[in-house]
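Working notes, structure below.
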Ligand SMILES: *[C@@H]1O[C@H](CO)[C@@H](O)[C@H](O)[C@H]1NC(C)=O
Ligand SMILES: *[C@@H]1O[C@H](CO)[C@@H](O)[C@H](O)[C@H]1NC(C)=O
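Residue numbers (mature numbering (1 follows the signal peptide of the UniProt record, and there is no 0)): -30 to -1, 1 to 188.
Below is the structure:
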């Protein structure tokens, strides 16, 4: 069948529209990725005890000729973020996420913790969020974290499962906030807690928190 002139024009038009859409799509994606990145103000590698160290000896065919000893270091990092405006529902990414063992976010404005960022921080042990405008804290999912410091914010409320998925937690600092009521199974899944600092809040009511065998610092 012969193509009519108008269908030929339509085809060309369609092609050009596709090219334009593709061009703009690539451009915006690039920009989105840029916006997602959080830059660390301060990268501190490596406290001695955080170096993972493994050694491979190549006892093989070459053994007699030259014994080779290869050493492999896995560096871990401490990252400090300042003066950021953080939105809890945005998907952020920090370079070397899986190697960060300590993250500090301070002097920043935020409407909630950047929970989507946490899924990349698979080896995080210490989380410090200080001197921010944080008011509400949702569930924190950081299975390896042992220390969380949320002091000196404006926290009014915590989700009752805030710490439920942090089973290794041993230290929580919530001091200098605006918490008045602590009610619910907050620390039921946290068998390792040794220090809970709730000083300088406005606590009037603590209920249903059992297994408070740890030190309660009020
Ligand atoms: C908790 O944080 C406050 C304020 O940053 C600090 O003064 C206090 O010593 C901390 N508590 C513990 C148990 O480390
Ligand atoms: C927290 O308490 C301080 C001092 O009472 C008050 O100025 C501030 O507005 C409160 N913040 C919130 C978010 O409730």
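Every residue, glycine too, gets a C-beta built ideally from N, C-alpha and C.
Just so you know, these numbers come straight off a predicted model, no measurement behind them.
Counting along the chain, where does the alpha helix (DSSP H) carrying residue 86 start and finish?
85 to 88
Three or more C-beta pairs below 8 Å linking the segment 149 to 167 and the segment 100 to 115
no
I need the DSSP call for residue 127, collapsed to helix, strand or coil.
Residue 127 carries a strand assignment under DSSP once its states are collapsed to helix, strand and coil.
Using a Cβ-Cβ cut-off of 8 Å (strictly less than) and excluding sequence neighbours within five positions of residue 173, which residues of its own chain qualify?
149, 150, 151, 152, 188
Between residue 122 and the rest of its own chain, which residues show a CB-CB distance below 6 Å, the 5 nearest in sequence each way excluded?
Within the same chain, 100, 101, 146 come within 6 Å of residue 122 by CB-CB distance, once the 5 residues on both sides are set aside.
Reduced DSSP secondary structure (H/G/I, E/B, other) of residue 59:
coil
In chain order, what residues of the same chain have a beta carbon less than 6 Å from the beta carbon of residue 19, not counting five sequence neighbours either side?
With a pLDDT of only 46 at residue 19, under 50, the local geometry of the prediction cannot be trusted, and the value read off the model is given with reservation. Within the same chain, residue 19 has no close Cβ partners at all.
Residue 117 bridges to which residues according to DSSP?
96, 141
Ligand 1 heavy atoms versus the CB of residue 145: any closer than 7 Å?
yes
Any heavy atom of ligand 1 closer than 7 Å to the Cβ of residue 159?
no
C-alpha gap between residue 109 and residue 85, whole angstroms
Taking the straight line joining both Cα atoms gives about 8 Å.
Can you list, in chain order, the residues of its chain with a C-beta nearer than 8 Å to that of residue 135? Leave out the 5 residues immediately preceding and following it.
109, 110, 111, 112, 113, 159
Please return the same chain residues whose Cβ sits closer than 6 Å to the Cβ of residue 119, not counting the five positions on each side in sequence.
98, 143
Sorted by chain position, which residues of the same chain lie with C-beta nearer than 8 Å to residue 58's C-beta, five sequence neighbours on each side aside?
80, 81, 82, 83, 84, 85, 108
So, at 8 Å on beta carbons, what are the nonlocal neighbours of residue 7 in its own chain, with the 5 sequence-adjacent residues on each side left out?
62, 63, 64, 65
From residue 130 to residue 164, what does the alpha carbon distance come to, in whole angstroms?
19 Å
Hey, how far is the Cα of residue 91 from the Cα of residue 170?
30 Å
Here's the rule I'm using: 16 or more other beta-carbon atoms within 10 Å means buried, otherwise exposed. How should residue 89 be labelled?
exposed
Look at the alpha carbon of residue 77 and the alpha carbon of residue 55, and state the distance between them as a whole number of angstroms.
The alpha-carbon atoms of residue 77 and residue 55 are separated by roughly 10 Å.
I'd like to know whether the C-beta atoms of residue 72 and residue 45 end up nearer to each other than 8 Å.
No, Cβ-Cβ distance for residue 72 and residue 45 is not below 8 Å.
Tell me, please, which residues DSSP counts as bridged to residue 12.
50
Residue 67, buried or exposed, once every other Cβ within 10 Å from all chains shown has been counted against 16:
buried
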